[in-house]
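Everything below concerns the one structure shown next.
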Amino acid sequence: MSNTEATSASPTTTADIVTTADIVATVARLRSAFADGRTKPLAWRRAQLRALRRLLTEERTALEEALRADLGKSPVESHTTEIGFVVNEIDHTLKHLASWLRPQRVSVPMALAPAKARRVREPLGTVLIISPWNYPVNLALAPLVGALAAGNAALVKPSELAPATSAALADLLPRYLDTEAVAVVEGGVPESTTLLEQRFDHIFYTGNGAVARIVMGAAVKHLTPVTLELGGKSPAIVEPGADPATTARRLAWGKFTNAGQTCVAPDYVLAIGESAPELERELAAAITEMFGEDPARSADYGRIVNERHFDRLTALLDSGTVVAGGEHDRDDLYIAPTVLGGVSADAPVMAEEIFGPILPVIRVPDLDAAIAFVNERDKPLALYAFTESEATKRRLTTETSSGGLAFGLPIAHLAVPGLPFGGVGESGMGAYHSAASIDTFSHTKSVLDKSLRLDTMRVAYAPITDLKERLLRKML
1 MSNTEATSAS
11 PTTTADIVTT
21 ADIVATVARL
31 RSAFADGRTK
41 PLAWRRAQLR
51 ALRRLLTEER
61 TALEEALRAD
71 LGKSPVESHT
81 TEIGFVVNEI
91 DHTLKHLASW
101 LRPQRVSVPM
111 ALAPAKARRV
121 REPLGTVLII
131 SPWNYPVNLA
141 LAPLVGALAA
151 GNAALVKPSE
161 LAPATSAALA
171 DLLPRYLDTE
181 AVAVVEGGVP
191 ESTTLLEQRF
201 DHIFYTGNGA
211 VARIVMGAAV
221 KHLTPVTLEL
231 GGKSPAIVEP
241 GADPATTARR
251 LAWGKFTNAG
261 QTCVAPDYVL
271 AIGESAPELE
281 RELAAAITEM
291 FGEDPARSAD
301 YGRIVNERHF
311 DRLTALLDSG
321 TVVAGGEHDR
331 DDLYIAPTVL
341 GGVSADAPVM
351 AEEIFGPILP
361 VIRVPDLDAA
371 IAFVNERDKP
381 LALYAFTESE
391 ATKRRLTTET
401 SSGGLAFGLP
411 IAHLAVPGLP
421 FGGVGESGMG
431 AYHSAASIDT
441 FSHTKSVLDK
451 SLRLDTMRVA
461 YAPITDLKER
471 LLRKML
């Protein structure tokens, strides 16, 4: 998520009527529902997940219209990156939930035998999910899937910068889910500030590093654990042996989906050796192939979220030579898919996460230089490499650090159910998706069960005789 995300905006109409008292009462209701055990039964968890799935299928058109209004997303993009993504997450979770929640037996050391030991998952309690504007359905509801599956009560705070989607979620979620245990609060900074003053058992935040620090600061008051899904500048390393046409198409797809407003989008390219000229030509061709001669007229190409982000992005266009794109229209919030060549490491476009449809290409002499370039900067949320060399893949796996690492295809690692998604260092802490969501929204409790019928612990009781000492030293 861009570290330039707005932290203030006018609240939505729904948010205008939300008071501090409303928020306090809402959180109290959720905490009471959890305390009463309402959310813990497996049947309740399954019912909520199925209800959420019905919402996504029955209200698909309403959600697509909201996403179109906020971000200019096409119905296909809304399905593949938002609605369908969450449906798949629900289906996978329902299929495996019972096995994920099953207590796990562990062996007991000889000194404690006979006894039984197991690890038992328990829900954390009431969780707060603060979601961003760039994927306002996916990044609000995918964490909610994990929170409900783990047996928690949950409060969702959608981003005010995607007002149509925020309003849709505030309207639809109470129609389908248990309102005693699930709530939505709309609004801007005042509402978020009030929410962070409340006591939660976990806070799940997706956004930028500046606000993440505010979230962590608020969490300190109650020692509340947090998950931070942030962003950063995710590099794409291209070796000379990589097929330039395929590499360019995949880079263009990963970069320009949602008009580049994706936290794991390739932020910049490190082109090794002499790969840059041909790659730049193929990127220009791929953009035309995907979006036509005039991407502004393409039904498959989105728009920038607001004027402030538009102005920030267009100011970066002078950071290099425009190889493709560069056109923009503030009235339409349109910035063409753009490739910049001849970019230096200290160019303005390299100062922060771009979070828009601008792809700089930086030339480096070899893999050593590419690895050094990555490691000299904050750990990215994702690192991509286009190579056929297994040696290169091994080096990047062991010599770099990133939230995720993908070879040959950007952003798609999010769609692999068995892979946790999360950052490291400045790109975030914690992870979710699939079983990792259960880990995030649960506490794993250690349980030891030793019968009182036979007291095998006498050897450990004082007074410690020579015989007891020898036995204890042997057993331990």
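Taking UniProt numbering, the leading residue of the sequence shown gets 1, the next gets one more, and so forth.
For each residue, glycine too, the CB sits at the ideal point set by N, CA and C.
In the assembly as shown, TYR461 is an exposed residue. Its beta-carbon has fewer than 16 other beta-carbons within 10 Å.
In terms of CA proximity to GLY425, PRO380 leads the group ALA25, PRO380, GLU289.
In terms of Cα proximity to PRO132, the closest of ILE411, PHE407, GLY188 is GLY188. Residues GLU282, ALA285, ALA286 of the same chain have their beta carbon placed closer than 8 Å to that of ALA245, with the five preceding and five following residues left out of the count. Inter-segment contact for the segment 120 to 127 and the segment 143 to 160 is present: three or more beta-carbon pairs are separated by less than 8 Å. DSSP, reduced to helix, strand and coil, places ARG121 within a strand of the structure shown. By DSSP's assignment, GLU229 forms a beta bridge with THR206, GLY428. Within the DSSP secondary-structure output, VAL339 pairs in a beta bridge with ALA324, LEU359. In the three-state reduction of the DSSP assignment, GLY151 falls in the coil class, being assigned neither a helical nor a strand state. Secondary structure note for PHE386: its beta strand (DSSP E) is the uninterrupted segment 382 to 386. For THR397, the enclosing alpha helix (DSSP H) stretches over residues 390 to 399.
In the three-state reduction of the DSSP assignment, SER99 falls in the helix class. Around the C-beta of ASN258, 16 or more other C-beta atoms lie within 10 Å, and the residue is accordingly described as buried. Minimum Cα-Cα distance from SER159 among the listed residues VAL182, ALA142, GLU186 corresponds to GLU186. Per the coordinates, the alpha-carbon of ARG102 lies some 40 Å from the alpha-carbon of LEU161. Collapsing the DSSP output to three states places THR444 in a strand. Taken through DSSP and simplified to helix, strand or coil, GLN104 comes out as strand. Secondary structure of GLY408 (DSSP, three-state): coil.
DSSP places LEU419 outside both helix and strand once states are collapsed to three, so it counts as coil. A straight line joining the alpha-carbon of ILE304 with that of LEU448 spans about 55 Å.
Contact between the segment 220 to 240 and the segment 370 to 379 is present: three or more C-beta pairs spanning the two stretches fall below 8 Å. In the three-state scheme derived from DSSP, where H, G and I count as helix and E and B as strand, ILE464 is classed as coil. When the five nearest sequence neighbours on each side are left out, the beta carbons in the same chain lying within less than 6 Å of the beta carbon of LYS73 are those of LEU67, GLY302, in order along the chain. Under the DSSP assignment, TYR176 falls in the alpha helix (DSSP H) whose first and last residues are 163 to 176. Per the Cβ contact rule, the segment 379 to 393 is in contact with the segment 215 to 235 (3 or more Cβ pairs under 8 Å). By the C-beta density criterion, ILE464 is exposed, having fewer than 16 other C-beta atoms within 10 angstroms. Here VAL343 is not near LEU316, since their CB atoms are 8 Å or more apart. Per DSSP, VAL349 has no beta bridge partner at all.
In terms of Cα proximity to GLU89, the closest of ARG118, VAL76, PRO143 is PRO143. By the beta-carbon neighbour count (other beta carbons within 10 angstroms, threshold 16), GLU58 is exposed. For the pair PHE200 and ILE214, the Cα-to-Cα distance works out to about 15 Å. The beta-bridge partner set that DSSP reports for THR126 consists of ALA153. Here LYS116 carries a strand assignment [DSSP, helix/strand/coil]. When beta bridges are read from the DSSP output, TYR268 appears opposite PRO235. Our two residues, LEU452 and LEU409, have alpha carbons roughly 58 Å apart in a direct line. Here GLU77 is buried, its C-beta having at least 16 other C-beta atoms within 10 Å.
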